[in-house]
Amino acid sequence: MTTVETNSVSADIAPTAASSGNAATAKFTSNRVSADTSPERLAAIATDVLGAFAKIIEKHGVTYPEYRVLKQWLIDVGEYGEWPLWLDVFVEHNVEEVAYRGHRGSKGTIEGPYYVADTKRLPATCTLPMRADEEGTRLVFSGQVRDLEGKPLRGATVEIWHADSQGYYSHFATNTPDGILRGTVEVDDDGRFDITTVRPAPYQIPTDGPTGWFIEKAGWHPWRPAHLHLMVKAPGKRPITTQLYFDGGEWVSNDVASAVKPELILRPEADADGIERVTYNFDLDPAS
Ligand SMILES: [Fe+2]
């Protein structure tokens with residue numbers, strides 16, 4: 001890691017790392033979080049974290065200049081509001097795996113930093129809010145929410161959010177109207193939903209801030225494959241948060257956030273009108 005120049009980004013077209021990062025941080029900090037962690041458990045985890053640092057410094061012979069660059073970079077991540085981004089891209093997938101160990105229902109994956117709660121309530125058959133001239137291939141995403149025995153779950157909701165055909169999220173990109181391509185869909189009495197939307201594009205996580213510098217200097221790439229985000233809830237069931245990807249799509253096999261799982265691949269088929277249709281069912285575990 002070293003100091004690098006800010007990448008050039010056309011501010012009138014693309015949101016900046018600082019604007020989307022600060023929006024994600026403001027959203028996250030609007031509710032104070034807490035965890036039921038005992039002092040003993042905290043001490044054990046903290047000891048292991050510091051021990052891991054000690055081993056890395058020893059193993060690589062980390063120098064004072066490198067240590068100071070790290071310190072500056074950590075400060076920069078905070079000033080750009082990019083902690084939600086950096087942690088959700090590089091750390092969250094490990095936490096999610098552990099959280100859902102032994103889970104028998106549909107697979108989950110990371111939430112990421114772009115979720116917004118309390119989005120527009122929509123009926124089971126619906127079209128997501130979008131621009132009048134929204135670009136992109138029309139996609140009809142259908143399915144059923146069920147329990148582990150395959151019984152439909154009346155009263156379930158399917159929260160969906162995704163990027164537009166240029167890879168931008170509403171609420172986090174200045175070029176995207178608030179509320180588009182998001183919604184909370186109420187399933188019908190048979191647990192079913194039919195959501196019309198547009199196919200999202202792959203996107204780069206912001207590259208003009210410290211997360212982008214980190215990726216560039218490490219020689220990695222900043223791309224996420226195209227995906228739908230979903231949060232599925234039903235009374236008495238454990239909610240799942242997941243993402244669904246598109247078979248054969250760019251970056252599916254090399255996601256910067258390591259969030260792709262084989263169970264999360266959609267295979268839409270285009271009808272005679274060019275509308276893509278795909279079905280995916282969600283099976284929820286009982287709430288513990
Ligand atoms: Fe995303």
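Here my numbering is used: the first residue of the sequence shown is 1, the next is one more, and so on. Idealized CB from N, CA, C, for every residue including glycine. These numbers were taken from a predicted model, which means no experiment stands behind them.
Item to check | Element boundaries [beta strand (DSSP E), containing Tyr245] | outcome: That run of the beta strand (DSSP E) goes 240-246.
Next on the checklist: Mapping the DSSP letters down to three states, classify Ser20 as helix, strand or coil.
Outcome noted: Residue state, collapsed to three classes: helix.
Checklist entry - Taking 8 Å as the cut-off, is the CB of Gln243 close to at least one heavy atom of ligand 1? => result Yes, the beta carbon of Gln243 sits closer than 8 Å to at least one heavy atom of ligand 1.
Item to check | Collapsed DSSP secondary structure at Arg32 in the structure displayed | outcome: Three-state DSSP puts Arg32 in coil, outside helix and strand.
Checklist entry - Between which two residues does the alpha helix (DSSP H) harbouring Lys120 extend? => result Where Lys120 is concerned, there is no enclosing alpha helix (DSSP H), given that its DSSP letter is neither H nor E.
Item to check | Sequence-distant residues of the same chain with beta carbon closer than 8 Å to Thr127, five excluded per side | outcome: In the same chain as Thr127, and ignoring 5 residues on each side of it, the C-beta atoms closer than 8 Å to its own belong to Ile195, Thr196, Thr197, in chain order.
Item to check | Leu244 versus Ala52: straight-line alpha-carbon distance, rounded | outcome: So the two alpha carbons sit approximately 33 Å from each other.
Checklist entry - For Phe193, which residues from the same chain have a beta carbon less than 7 Å from its beta carbon, with the 5 sequence-adjacent residues on both sides left out? => result Annotation for Phe193: Ala124, Ser142, Gly143, Val158, Val185, Val187 place their beta carbon closer than 7 Å to its own, counting only its chain and skipping 5 residues before and after.
Next on the checklist: Are the CB atoms of Ile215 and Leu284 within a distance shorter than 9 Å?
Outcome noted: No, the Cβ-Cβ distance between Leu284 and Ile215 is not below 9 Å.
Checklist entry - Of the residues Arg32, Leu228, Ala257, which one's Cα is nearest the Cα of Arg182? => result The residue among Arg32, Leu228, Ala257 with its C-alpha nearest the C-alpha of Arg182 is Leu228.
Item to check | C-beta contact flag for Gly21 and Leu85 at 9 Å | outcome: Against a cut-off of 9 Å, the Cβ pair of Leu85 and Gly21 comes out as a contact.
Checklist entry - Within 8 Å: the Cβ of Tyr203 and any heavy atom of ligand 1? => result For ligand 1, at least one heavy atom lies less than 8 Å from the Cβ of Tyr203.
Item to check | Completely contained alpha helix (DSSP H) runs for the region 176-235, where each covers 4 or more residues | outcome: Segments of the alpha helix (DSSP H) lying fully in the region 176-235: 210-218.
Item to check | Gly51, DSSP secondary structure in three states | outcome: In the structure shown, Gly51 sits in a helix (DSSP, three-state: H, G or I).
Checklist entry - Are the region 222-238 and the region 248-256 in contact at 8 Å, needing three or more beta carbon pairs? => result For the pair of segments examined, the region 222-238 was found to touch the region 248-256: the number of CB pairs separated by less than 8 Å reaches three.
Next on the checklist: Going by DSSP, what residue range makes up the beta strand (DSSP E) through Gly143?
Outcome noted: Bounds of the beta strand (DSSP E) holding Gly143 are 138-147.
Checklist entry - Exposed or buried, what is Glu5 when buried is set at 16 or more other beta-carbons lying within 10 Å of its beta-carbon? => result Because the pLDDT at Glu5 is just 31, under 50, the model does not fix this residue reliably, and the value given afterwards should be weighed accordingly. Counting every other CB atom within 10 Å of its CB across the protein chains shown gives Glu5 a total below 16, marking it as exposed.
Checklist entry - Does the distance from the C-beta atom of Leu148 to that of Glu276 stay below 9 Å? => result Against a cut-off of 9 Å, the Cβ pair of Glu276 and Leu148 comes out as no contact.
Item to check | 8 Å Cβ shell around Ser288 - same chain, five flanking residues per side excluded | outcome: Cβ within range, chain order: Arg238.
Item to check | Meets three-Cβ-pair contact criterion under 8 Å: the region 103-121 and the region 161-176 | outcome: Touching, per the Cβ criterion.
Item to check | Length of the line joining the Cα atoms of Arg104 and Ala156 | outcome: Looking at the two C-alpha atoms, the distance is approximately 18 Å.
Checklist entry - Where does Val278 sit, in a helix, a strand or coil, going by DSSP? => result In the three-state scheme derived from DSSP, where H, G and I count as helix and E and B as strand, Val278 is classed as strand.
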